[in-house]
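Residues 996 to 1104 in my numbering are what the sequence shown spells out, letter by letter. In what follows, a single structure is set out as structure tokens and then discussed.
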Amino acid sequence: MPYVERNAAGDIVAVSATEDAIHRHLVDAEDPQLRVFLHKLSATPGLAETDLHMVRVLEDLIDLLVERAVIRFTDLPPAAQEKLSARRSARVSMRSLHLLDDADGQVVL
996 MPYVERNAAG DIVAVSATED AIHRHLVDAE DPQLRVFLHK LSATPGLAET DLHMVRVLED
1056 LIDLLVERAV IRFTDLPPAA QEKLSARRSA RVSMRSLHLL DDADGQVVL
């Protein structure tokens, strides 16, 4: 059964599988308010979809800043360096298989 956070009007504004300081109210999984909240989430264009595009924008921005010597790659935190290197390697591998279009990085089927 999920735990929810409610606003001052009593509307559900967040859901969690576990109880914590914010998600204190236990509700039935079939609760009508919970169903409405979850439906709104699925009907709204998800942040995850736009996040995928933003990741590529940030990668390109970082590459540009490094290329123009505004920052050094080693200025980035080690975790960021590892993630960027892994994504760069994955893109190179996909290009070598001709699965990516060079123009925009889209997968070619």
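All C-beta atoms in this analysis are idealised placements derived from N, C-alpha and C, irrespective of residue type, glycine included. Since the structure is predicted, the reported quantities are computational estimates derived from the model, not experimental observations.
Note to self: Does the segment 1000–1007 come into contact with the segment 1016–1028, if we say contact requires no fewer than three beta-carbon pairs (one atom in each stretch) closer than 8 Å?
What the structure shows: yes
Notebook entry, point to check: Which runs of the alpha helix (DSSP H), 4 residues or longer, sit entirely within the segment 1018–1058?
Noted result: 1027–1038
Note to self: Is the separation between the beta-carbon of LEU1060 and that of ILE1066 shorter than 7 Å?
What the structure shows: Locating residue 1060 in the sequence shown gives position 65, where the first residue counts as 1. Locating residue 1066 in the sequence shown gives position 71, where the first residue counts as 1. It is a contact, given that the beta carbons lie within the stated cut-off.
Check: For THR1013, which residues of its own chain have a beta-carbon under 8 Å away from its beta-carbon, when the five flanking residues on both sides are left out?
Finding: What you label residue 1013 is simply residue 18 of the sequence shown in a count that begins at 1. Within the same chain, THR1013 has close Cβ partners TYR998.
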